[in-house]
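The structure appears right after this line, and notes come after that.
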Amino acid sequence: MRLNSFTLCMNLALNVSENRETILFTYRTLNHDALNLWQEYNGNVGFYMSGEGIMFPHLDKCKTWTHICLTWESKHGRCELWVNGRRTGNKIYRKDSTVQPGGTVILGQDYDSYNGGFEEKQSYVGKIKDLNMWNKVLSLRSLQSVFKGKVKQKGEIFDWSNLSYSIKGNVKLV
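Numbering of the sequence shown is given in the UniProt record's numbering, commencing with residue 1 and proceeding in unit increments.
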């Protein structure tokens, strides 16, 4: 399915003491990274979509749960980052673009090639839960409901309660 818009939400609790880049979410097609969401060493949140990335304001590196949502739509190129139910940044990015189908998602690591090639120094250390992705930009009311845990509609693309996955490396499911 080609995406002209999406909302990606997750709860995360980082457990990294040093300042380093941390990959949160990667979607890679055969030829390139199609979507990449990460936290920079300085705490800024980066979003990359098949080209040059954009940065959003600082996200605290804390061990407590933080809820983030990233929204993007092609028609106007509107991209927003929401942290704990509040919009913390908005940009115009990749207007009239689409996200191509047929790729693979990895949580907490960045593909250096389609079949792997990972860098340990970019790996996510911490906890992730409640990852959902919709094929539309959620309304303000829906975003706040997701943050409060009151959402009735799970993600059409990813529904955390229904994901099928495989585990690679030092990953623990609890």
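Don't be surprised by glycine CBs; every beta carbon is placed ideally from N, CA and C.
- Distance from the CA atom of leucine 24 to the CA atom of serine 97, rounded to whole angstroms, is 22 Å.
- For tryptophan 82 against leucine 37, the beta-carbon gap comes to about 13 Å, at or over 8 Å, which does not count as contact.
- When secondary structure is reduced to three states using DSSP, valine 125 falls in the coil class, being assigned neither helix nor strand.
- Looking at the DSSP output, leucine 140 sits in no beta bridge, so it has no partner there.
- Looking at the DSSP output, glutamine 39 sits in a beta bridge with Thr22, Val45.
- If you draw a straight line from the Cα of glutamate 80 to the Cα of valine 125, it is about 25 Å long.
- At the C-beta level, valine 137 and serine 145 stay beyond 7 Å of one another.
- Counting along the chain, isoleucine 68 sits inside the beta strand (DSSP E) bounded by residues 66-73.
- When secondary structure is reduced to three states using DSSP, serine 5 falls in the strand class.
- Excluding the 5 residues flanking it on each side, glycine 85 has same chain C-beta neighbours closer than 8 Å at His67, Leu143, Gln144, Phe147, Lys148, in chain order.
- Boundaries of the beta strand (DSSP E) harbouring lysine 91: 86-92, taken from the DSSP string.
- In this structure isoleucine 157 is not in contact with phenylalanine 47, their Cβ atoms being roughly 16 Å apart against a cut-off of 8 Å.
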